[in-house]
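I have placed the structure first, in the form of structure tokens, so that the comments after it can refer back to it.
Numbering (my numbering), first residue to last: 81 to 300.
Shown next as structure tokens:
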């Protein structure tokens, strides 16, 4: 029957062997790197991995690939599915990219509720929303929907002017003497029924349009 001392020695012995194996592996890797063998091995492995993937894409079965390159089942699956997984994940990340509702910068959305690329843009939008609501009240408009912003409207209307059917351009602007000047195709918020004619400041009465299209409509 083993006593506590024997168990302690056994545990120590196993730990020592593991530590020694790690050191030997590190030394071996260092020596291979110094002699150039590691680079050659990596290049060879990369070449085999790429050849396996090409054969798989060209219709070779997994068993044919294993026999051709002398691989195990686990090795074959790791080579093929690792690349496939990376491709799938990359595609998912690309599909989640949207434009910031404030600055129009493209970013990877990590949450379905995220509309802004940063906290700075979110706070900037809140200030803009407050100003927009105040101005609507000053014009005597009945403020029904407080969450209306140009950026949120653009997302709802899929970045498309409802008057001409063409996409809006958030980049159609420039700065002169510190003042931002928006061009004709920059997005704007259009009240379908003008506020002056009894329209209300609500989602149902607001649509996205180019600045030029909005201006032409107002002149009619």
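Even glycine gets a Cβ: it sits at the ideal position worked out from N, Cα and C.
For residue 261, the CB contacts under 8 Å within the same chain, skipping 5 residues up- and downstream, are 253, 254 and 255 in chain order.
DSSP places residue 228 in the coil class of the three-state scheme, outside both helix and strand. Spatial neighbours of residue 292 in its own chain (CB-CB distance under 6 Å, excluding positions within 5 residues in sequence) are listed in chain order as 264. In the DSSP assignment, residue 288 falls outside any alpha helix (DSSP H) and within the unbroken beta strand (DSSP E) covering 286-290. Residue 156 sits in a helix when the DSSP states are folded into three classes.
Under the DSSP assignment, residue 148 falls in the alpha helix (DSSP H) whose first and last residues are 142-149. When rounded, the separation of the alpha-carbon atoms in residue 282 and residue 273 is 10 Å. Beta-bridge pairing by DSSP links residue 259 to 256. Linking residue 280 to residue 287 through their CA atoms gives a straight-line distance of about 12 Å. According to the DSSP secondary-structure assignment, residue 267 is paired through a beta bridge with 290. Residues 269, 286 and 288 of the same chain have their beta carbon placed closer than 7 Å to that of residue 233, with the five preceding and five following residues left out of the count.
Taking the Cα positions, residue 206 is about 54 Å away from residue 155.
Taken through DSSP and simplified to helix, strand or coil, residue 199 comes out as helix. In the displayed model, residue 186 falls within a strand according to three-state DSSP.
If you check the CB distance, residue 149 and residue 128 come in under 8 Å. Linking residue 235 to residue 259 through their CA atoms gives a straight-line distance of about 26 Å. Apart from the 5 residues on each side of it in sequence, residue 239 sits with its Cβ closer than 7 Å to the Cβ of 247 and 248 in its chain, given in chain order. If the five residues before and after residue 294 are omitted, its C-beta is found closer than 7 Å to the C-beta atoms of 268 and 270, all from its own chain and listed in chain order.
Between residue 243 and residue 200, the C-beta gap is not smaller than 8 Å, which leaves the two residues out of contact. The beta carbon of residue 141 is closer than 7 Å to none in its chain, skipping five residues each way along the sequence. Within its own chain, the residues whose Cβ lies closer than 7 Å to the Cβ of residue 197, once the five positions on either side in sequence are excluded, are 180, 183, 185 and 187, listed in chain order.
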